[in-house]
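In this note's numbering, the protein residues as written are 562 to 838.
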Amino acid sequence: MVFQQCSLFDAYASLLPEDGVFVMTIVPNSLRASRLLTYQNPTGMTSEIEPFIHAVTANNVAAYSTADLLSKPLLDGEYVFFRTDMHWTPYGASLVVRQMLEEAGESLPPYEDFPCIQEYPFLGTLYRDTQSKQMEENPDTLDILMPTRSVQVRRYTDPNTVEEISFIQNDANPRDRYTVYLGGPGGNLTMIERTDAESEKPKTCLIITDSYGLCTAPFFAEVYDRVLLYDPRYYNKNQMGSVANLIEQYLVTDIYMIIGELHAFDGSFFQLCNRHF
Numbered sequence: 562m563v564f565q566q567c568s569l570f571d572a573y574a575s576l577l578p579e580d581g582v583f584v585m586t587i588v589p590n591s592l593r594a595s596r597l598l599t600y601q602n603p604t605g606m607t608s609e610i611e612p613f614i615h616a617v618t619a620n621n622v623a624a625y626s627t628a629d630l631l632s633k634p635l636l637d638g639e640y641v642f643f644r645t646d647m648h649w650t651p652y653g654a655s656l657v658v659r660q661m662l663e664e665a666g667e668s669l670p671p672y673e674d675f676p677c678i679q680e681y682p683f684l685g686t687l688y689r690d691t692q693s694k695q696m697e698e699n700p701d702t703l704d705i706l707m708p709t710r711s712v713q714v715r716r717y718t719d720p721n722t723v724e725e726i727s728f729i730q731n732d733a734n735p736r737d738r739y740t741v742y743l744g745g746p747g748g749n750l751t752m753i754e755r756t757d758a759e760s761e762k763p764k765t766c767l768i769i770t771d772s773y774g775l776c777t778a779p780f781f782a783e784v785y786d787r788v789l790l791y792d793p794r795y796y797n798k799n800q801m802g803s804v805a806n807l808i809e810q811y812l813v814t815d816i817y818m819i820i821g822e823l824h825a826f827d828g829s830f831f832q833l834c835n836r837h838f
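In C-alpha cells:
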C-alpha cells in the first residue's frame, strides 16, 4: 500500500513545473499526542513513514513528519494540540506549514502577524462525543486567524455552479467550532484568491487535505495568490473532472498534502485520490 501511495505522489509531482514541489505530512490525532504528557519519562512522537517516502519518490517530493516536528514543542508545554478536540491547533499547524513552505522556497510571516480572534471556552469534537466533565473544566482556546490580505473564497459544486462563502464562518456548528475555517470540509473544490493579486498568472497551489488542513488556509493564502483546497471525501470526478486536469487548468506550481493519521492509515483517502486523479 505504501508503494502505491508513493506512486501517487510521484504522479502528482510529475504534473508540476520544473521548480515545483509536492510536499506532504501526516498529522497525529491529538489524543495520541496528549497521551505523551501522561508518561513518566516521555520521549516524544516519531514516525518512520516520511523518511521512507523521501527515499523512494522523485526529487521534487518531500515528506515532513508532524510527529517529529511537534514533539519538542508539545513536551515544552507549547499549545500545539487541543485537549478537547481531535485536531492540532492553528499555532501547531503553523510550525509544520512553515517547514513545508520552505521546501518550496517560500517563507511564512510570524504567527503573531496574522489577525486573530480568540474564542474561549472552546470545547471540541472529543468533548462533543464524550461529554467529559474533566474536559469541560479544562476547555481549549480556539485561535481564529485571517490572512493579512483581502481574499475571496468560492466553493464549487461543478465548474458552472459556484457559491461565494466567508473565509470565517461564524455560524459554524457550535458542537464543531473548528469548522469556522471555511465552514468545514465540503464541496468539490474550494478556491481562495487574493483580491489584490496583479499577475495575469496568479501563483497557485493545491492543498489535498481532510479537516486538518482547514486551519492552514490563512498561511497558504499569505504566500500564494490562489489556493485550491481539495478534499477527496467530497469530490465528484463526474462533476469536476480529474484532479490532474485541475492542476493543469489552474497552472498549479506546488502541491501540499495534509492529512490526519486516521485517513492516512486506513487507506480510503488515498484510494479516493487515485480514483480522482
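For glycine and all other residues, C-beta sits at the position ideal for the given N, C-alpha and C. As the structure is a computational prediction, the values presented were derived from the model and not from experiment.
Quick check: L576 and V741, are their CB atoms within less than 9 Å of each other? Contact check for L576 against V741 fails: the beta carbons are separated by 9 Å or more.
Tell whether a beta-carbon distance below 9 Å holds between P779 and M707. Yes, they are a contact pair.
In terms of residue numbering, what span does the alpha helix (DSSP H) encompassing Y688 cover? Residues 686-691.
Continuous alpha helix (DSSP H) assignments of at least 4 residues falling wholly in the region 664-722: Qualifying alpha helix (DSSP H) stretches, in chain order: 686-691, 694-698.
Identify every residue that forms a DSSP beta bridge with L789. L789 pairs with M752, L767.
Distance check for P720 and Q800, CA to CA, integer angstroms please. The alpha-carbon separation between Q800 and P720 amounts to approximately 8 Å.
Excluding the 5 residues preceding and the 5 following A619 in the sequence, name in chain order all residues of the same chain whose CB lies nearer than 7 Å to its CB. D571, A574, listed in sequence order.
With 16 other Cβ atoms within 10 Å as the buried cut-off, status of P887: Outside the displayed range of the chain (562 to 838) lies residue 887, so it cannot be described from this structure.
Residues near N835 by beta carbon distance below 7 Å, same chain, minus five either side: Correct list, in chain order: L569.
Taking Cβ to Cβ, would you say Y717 is nearer than 9 Å to M752? Cβ distance < 9 Å, so Y717 and M752 count as in contact.
Indicate the three-state DSSP secondary structure (helix, strand or coil) for A733 in the structure shown. Here A733 sits in coil by DSSP.
Contacting residues, own chain, Cβ-Cβ under 7 Å from C677 (five flanking each side not counted): The beta carbon of C677 lies closer than 7 Å to those of D704, I705, L706 in the same chain, with the five residues before and after it left out.
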